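Residue numbers (my numbering): 27 to 103.
The structure appears right after this line, and notes come after that.
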Amino acid sequence: MSTEDLKEKLREIVCEVAEIDEVPDDTPFKDLGIDSMMAIEIIADVERNYGIKVPEEELEQISDLNSVVTLVNSKLS
27 MSTEDLKEKL REIVCEVAEI DEVPDDTPFK DLGIDSMMAI EIIADVERNY GIKVPEEELE
87 QISDLNSVVT LVNSKLS
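Right, here's the structure in full:
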């Protein structure tokens, strides 16, 4: 799967969880109204969809869509 395909799939997950229509690549999640509980739900969906584990201490790295893509990409490679 290409990084662009991954980014679009992750964008869909974030949109669904946050119940918003659009997620720009580098807009901070907090600016989109995504709180820590939503972030945990997003990561749970990502873990289920991609069969990866994201340790709690790595959750702090997740601040925008690009950071989610980077994290998931590193887990998949």
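Beta carbons: idealized from backbone N, C-alpha and C, even for Gly.
Just so we're clear, the structure is a prediction, and the values are computed from it rather than from any experiment.
query	result
How is the alpha helix (DSSP H) around Lys101 delimited, first residue to last?	Leu91 to Leu102
Kindly indicate which three-state DSSP category Ser62 falls into: helix, strand or coil?	helix
Distance, Cα to Cα, Leu102 vs Lys79?	10 Å
Between which two residues does the alpha helix (DSSP H) containing Thr29 stretch?	Thr29 to Ala44
Grab me the residues of Asp71's own chain with a C-beta within less than 7 Å of its C-beta, minus the 5 sequence neighbours each way, in chain order.	Ile39 and Val43
Could you check whether the segment 48 to 56 touches the segment 80 to 92, counting it as contact only if at least three pairs of C-beta atoms, one from each stretch, sit closer than 8 Å?	yes
If Leu85 and Ala65 are in contact, beta carbons under 8 Å, what's the gap, nearest whole angstrom?	7 Å
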